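**Student:** Just so you know, we're using numbering that gives the first Met the number 0 here: the sequence shown kicks off at 0 and counts up by one.
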Amino acid sequence: MPDDPDESFVIDTLLAARPPDAAPVIRSGVAGIPRFAPGDDAAMVGPRTAVTVDTMVEGIHWDGRSTPEDIGWKIVAVNASDINAMGGTPTWAVLAIALPSPLDRPWVKAFSRGLGLALEAFGISLAGGDTTRSVSGRTLSLTLAGEVEKAVGRHRARPGQTIWVSGPLGGAAAGFLDKTPIPSALLALRRPHPPMGLGKMLAACGHVSAMMDLSDGLAKDLPRLCKASQVGASIDPTALPPHPAVLGRADALAMMTSFGEEYGLLFTADAKADKEIISICTAFNCRPSPIGVTDNNTATGARLKGTPWPRPLFSHFGDPS
0 MPDDPDESFV IDTLLAARPP DAAPVIRSGV AGIPRFAPGD DAAMVGPRTA
50 VTVDTMVEGI HWDGRSTPED IGWKIVAVNA SDINAMGGTP TWAVLAIALP
100 SPLDRPWVKA FSRGLGLALE AFGISLAGGD TTRSVSGRTL SLTLAGEVEK
150 AVGRHRARPG QTIWVSGPLG GAAAGFLDKT PIPSALLALR RPHPPMGLGK
200 MLAACGHVSA MMDLSDGLAK DLPRLCKASQ VGASIDPTAL PPHPAVLGRA
250 DALAMMTSFG EEYGLLFTAD AKADKEIISI CTAFNCRPSP IGVTDNNTAT
300 GARLKGTPWP RPLFSHFGDP S
């Protein structure tokens, strides 16, 4: 399933404009820590340092169903998820925030409470940032750094490996799309809690070859992993673990694969490591599910058995309908 063409155009155009000597390549770094190509959840900028950035725009990434505290929490959580997906631990952050005039002081105070709670929960220091005025609506951008002992990107999956997700799918979609979502679905959308530390432990076990989070949904993210690793993938739709909010629904498959905002982990591992993978995830209160296998079928890429991928339920650059 292709990415949003507008989003892909922006990314490809920006990367093409870099000076030739600034283009990172996949190679071994200092002390055996690899540096990865563009597209991973975070960039390895040093032997053990990863950096990521995420932007949230009012009306695109949140609406009136999210409180300012929720938004403060989420801007931290989504970045922490990226560091986790690289096998790292987040350390410090800088925040850029654009706010309309006149300044809504109660909103700023509430947002700051949520931000502070998340920073404390994930052990992150706010090192600085920038503030400015917005012509319309609020825009937030958080840059986060992390320490990585053993980095895992997206490019080392091999044919014949098991594809895993670390938890249930579809909760955030139900929280966003349902008129009266159940509390756990609304919580999944408003206060995501990535399985922090799990990425580091999976990286350390030595059996995980590729890993990323599911911020854009399985239908978009798995093809990205396959492209980076130059493998195909076959997914059993009946093996996907549903969030309680999507059980028995006619649109359950679309909600589990084509919305995103999950912030759990998608990863590939040796089949012989199944018991160890389950043991590691259980220690983090996660219930991992094997959902398919990688293969040599690069021509068709990532595919669902017996059915096409559902149409996207969200697009950064417009309504996919």
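Built from N, CA and C at the ideal position, the CB exists for glycine as well.
Quick caveat, the model's predicted, so the values are computed rather than measured.
Just to check my reading of the structure: Leu217 and Thr256 have Cβ atoms closer than 8 Å, yes? What is that Cβ distance to the nearest angstrom?
**Tutor:** Right, their Cβ atoms sit about 4 Å apart.
**Student:** When the Cα atoms are used, what is the spatial distance from Ile25 to Cys225?
**Tutor:** Only weak support is given to the placement of Ile25: the predicted model assigns it a pLDDT of 44, under 50, and the value that follows is read from those uncertain coordinates. Each residue's alpha carbon lies about 16 Å from the other.
**Student:** Give me, in chain order, the residues of the same chain whose beta-carbon lies closer than 7 Å to that of Gly196; leave out the 5 immediate sequence neighbours on both sides.
**Tutor:** Phe283, listed in sequence order.
**Student:** Which residue marks the beginning of the alpha helix (DSSP H) containing Thr281, and which one marks its end?
**Tutor:** Thr281 -> alpha helix (DSSP H) spans Asp273 to Ala282.
**Student:** Could you tell me whether the Cβ atoms of Asp5 and Thr51 are closer together than 8 Å?
**Tutor:** Their beta carbons are not under 8 Å apart, which means Asp5 does not touch Thr51 by this criterion.
**Student:** Just to confirm before moving on: does the CB-CB distance between Gly166 and Ala244 stay below 8 Å?
**Tutor:** Not in contact: Gly166 and Ala244 (Cβ atoms no closer than 8 Å).
**Student:** May I have the straight-line CA-CA distance separating Asp235 from Gly291, to the nearest angstrom?
**Tutor:** Between Asp235 and Gly291, the C-alpha separation is close to 6 Å.
**Student:** Fully enclosed by the region 175-263, which beta strand (DSSP E) runs are 3 residues long or longer?
**Tutor:** For the region 175-263, whole beta strand (DSSP E) runs of length 3 or above, ordered along the chain, are 207-212 and 231-234.
**Student:** Would Leu201 and Gly86 be called neighbours here (beta carbons separated by less than 8 Å)?
**Tutor:** Yes, the Cβ-Cβ distance between Leu201 and Gly86 is below 8 Å.
**Student:** Rounded C-beta distance between Thr142 and Ala92? I'm assuming under 8 Å.
**Tutor:** Their Cβ separation, rounded to whole angstroms, is 6 Å, which keeps Thr142 and Ala92 in contact under 8 Å.
**Student:** Are the region 260-270 and the region 206-217 touching, with three or more C-beta to C-beta distances below 8 Å?
**Tutor:** Verdict: yes, contact present.
**Student:** Once the 5 residues before and after Pro158 are set aside, which same chain residues still bring their CB inside 6 Å of it?
**Tutor:** Closer than 6 Å at the Cβ level, and outside the excluded window around Pro158, lie Val230, Thr293, Asp294 and Asn295.
**Student:** Determine, using beta carbons only, whether Phe258 and Ala184 come nearer to each other than 8 Å.
**Tutor:** The answer is no: Cβ separation not under 8 Å.
**Student:** Thinking just about the alpha-carbon of each residue, which of Pro222, Ala249 and Gly63 is nearest to the one in Leu303?
**Tutor:** Nearest C-alpha to Leu303: Pro222.
**Student:** For Val151, name the three-state secondary structure that DSSP assigns.
**Tutor:** It is coil, neither helix nor strand.
**Student:** With H, G and I counted as helix, E and B as strand and the rest as coil, what does DSSP make of Thr323?
**Tutor:** Missing from the structure shown is residue 323; the chain here goes from 0 to 320 and no further.
**Student:** Taking the alpha carbon of Ile74 as the point to measure from, which residue in Ile277, Ala209, Leu118 and Pro289 has its own alpha carbon closest?
**Tutor:** When only C-alpha atoms are compared, the closest one is Leu118.
**Student:** Among residues of its own chain, excluding the 5 on either side of Ser135, which ones have a beta-carbon nearer than 8 Å to its beta-carbon?
**Tutor:** Pro99.
**Student:** Classify Val164 as buried or exposed, calling it buried when 16 or more other Cβ atoms lie within 10 Å of its own Cβ.
**Tutor:** Buried: at least 16 other Cβ atoms inside 10 Å.
**Student:** So is the beta-carbon of Gln229 under 7 Å away from any non-hydrogen atom of the ligand MN?
**Tutor:** Here there are no bound small molecules, and the ligand MN is not part of this structure.
**Student:** Please give me, in chain order, every unbroken run of the beta strand (DSSP E) with length at least 3 that falls completely inside the region 105-136.
**Tutor:** DSSP runs (the beta strand (DSSP E)) wholly in the region 105-136: 124-133.
**Student:** Report the partner residues of Ile96 according to the DSSP bridge assignment.
**Tutor:** Note: Ile96 sits in a beta bridge opposite Thr130 and Leu139.
**Student:** Assuming Ala76 is part of the alpha helix (DSSP H), what are its boundary residues?
**Tutor:** Element bounds for Ala76: Pro67 to Ala84.
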